[in-house]
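Using my numbering, read the sequence shown as starting at 1130 and increasing by one per residue.
First the structure, in the form of structure tokens, and then the observations on it.
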Amino acid sequence: MQRGNQRFSPATLWGELRRRKVVRVFLGYGAVSLVLIEGANNVFPALGVPDAASRVLVWVLLAGLPIAIFLAWRFDVVPDPGTHAPKIEPEPVDLPTDRIAVLPFRDMSAGNTDEYFADGLTEDIIAKLSTLPAFNVVSRTSVMGFRDTQESAAAIGRELRAGSILEGSVRRASERVRVVAQLVDVNTDRSVWTETYDRDLEDLLALQSDIATSVARGLQTSLTSEDEARLSAGSDADPKAYDLYLRARHLWNTRSVEGLRESRALLERARDLDPNYPGAHAALATSLATTGLYNLQPPDETMAAALAAAERALDLDPKFVEALNARGLVECIWKWEWEQGARTFEEAIAASPSDVVARQWYALNCLAPQG
């Protein structure tokens, strides 16, 4: 039996009868009928009503039963909270699988003490995937709202209009880390691939490239030599410097005065620990530029240092998008070199087409001030 988009088998017909309250109407109608018949048998003789009246009442009640059932089936379609409705298949979707949402990786450490680590890994995977022109990656700010959600990956994908969802978990113990990652096709609500990575912390940066590469292969996307170079860039940083970098980024995202101050101190330590790690220089440039932009310190004290840190990062990696963003902000807001700043932001967008910060900072710090 079928009605609209709902399909019922004989096994689910009983549930549908209950959902439409047909069973309740049948039982209620029967109970009322018995009361009426019993009352008629006791009252009619005392009133001198002929015996035939009781038989007529019985036939009238029997004739009214199918009418009551029909009305219950036809009009009472509101689900009963106490019953189970048959499963209704969701409307089919056709979302682009090259639009990817990387959900916040779950921190599986004891006491959830490594949230900064899981968030940092999530952000870096987003950054890696954003460098691939073949993909449209949902921004960090959009996905972080789903950190503690109970929604399914498919439901989140439909909400974000993303045909692919990457989700996972992180467990760190001593000098080892285990990452479990799964790529879900939202259109079919099926796993494309699932992989468990057990690595030394020294290999963590290379792990991000491995996961991004697995995503591309899972979606049958061919990577060019330039794509592979983008994914492997900056994968040889000192593990302790990288850990400081992750802690600093976590603090920077709070945008609090204390968070920005502590973030800067950690990044300076990371820079000193590994002077050839472009991420430390780029993040330091961002932290300094943001501090000046928010006027938490006089811009003359922060912007020049931010520009120097950005330039050092770009000496190490000419397409490091975070360094380009910081340099573009300084060129526009502090130096008022609008054309140069525009070129820098456009270079950042070209280096990482899905990077939302590049477009946002270009709009807010370069285009909007010029009207």
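Even glycine gets a Cβ: it sits at the ideal position worked out from N, Cα and C.
Here's the rule I'm using: 16 or more other beta-carbon atoms within 10 Å means buried, otherwise exposed. How should D1314 be labelled?
The residue is buried, with at least 16 neighbouring Cβ atoms inside 10 Å.
Quick check: the Cα distance between T1251 and L1336, rounded to an integer number of angstroms?
12 Å
Whole-angstrom C-beta distance between L1422 and L1396, which should lie under 8 Å
About 17 Å; that fails the 8 Å criterion.
Is D1444 closer than 8 Å to Y1406 when the C-beta atoms are compared?
no
Along the chain, where does the alpha helix (DSSP H) containing L1413 start, and where does it finish?
P1407 to L1422
Helix, strand or coil: how does DSSP classify V1306 here?
strand
Given that a residue counts as buried once 16 or more other Cβ atoms are within 10 Å of its Cβ, and exposed if not, what is R1378?
buried
Could you check which residue in L1496, H1410 and S1338 has the C-alpha nearest to that of S1259?
S1338
Give me the Cα-Cα distance between D1484 and V1309, rounded to the nearest whole angstrom.
25 Å
Thinking just about the alpha-carbon of each residue, which of T1317, R1328, A1492 and L1413 is nearest to the one in E1304?
R1328
To which residues of the same chain is A1480 closer than 6 Å at the C-beta, ignoring the five residues directly before and after it?
Contacts found: K1448 and V1450.
What is the rounded straight-line gap between the Cα of P1498 and the Cα of L1453?
Going from the Cα of P1498 to the Cα of L1453 covers about 19 Å.
Buried/exposed call for W1322, threshold 16 Cβ in 10 Å
Classification for W1322: exposed.
Give the DSSP bridge partners of A1345, in chain order.
DSSP output for A1345 lists no bridge partner at all.
For V1321, the three-state DSSP class (helix, strand or coil):
strand
Measure from the alpha carbon of L1417 to the alpha carbon of each residue in D1401, E1391 and D1403, then state which is nearest.
E1391
One question on the structure: do L1373 and W1381 come within less than 8 Å of each other, judged by their Cβ atoms?
Cβ atoms of L1373 and W1381: not closer than 8 Å.
Cutoff 8 Å; reference L1333; Cβ partners in own chain excluding five residues on either side
L1250, V1306, P1368 and Y1371
Pick out whichever of G1274, Q1489 and D1365 has its Cα sitting closest to the Cα of E1331.
Looking from the CA of E1331, the closest CA among G1274, Q1489 and D1365 belongs to D1365.
Of the listed residues L1348, G1347 and T1342, nearest to E1355 (C-alpha basis):
T1342
Could you check how far apart the C-beta atoms of V1266 and I1294 are, in whole angstroms? I think they sit under 8 Å.
Their Cβ separation, rounded to whole angstroms, is 12 Å, which puts V1266 and I1294 out of contact at 8 Å.
When the Cα atoms are used, what is the spatial distance from E1515 to A1435?
Any question about residue 1515 goes unanswered here, given that the chain covers just 1130 to 1500.
Determine the extent of the beta strand (DSSP E) in which V1231 is found, giving its start and end residues.
Residue range R1228 to V1231 is occupied by the beta strand (DSSP E) that includes V1231.
Span of the alpha helix (DSSP H) holding E1397?
V1386 to L1402
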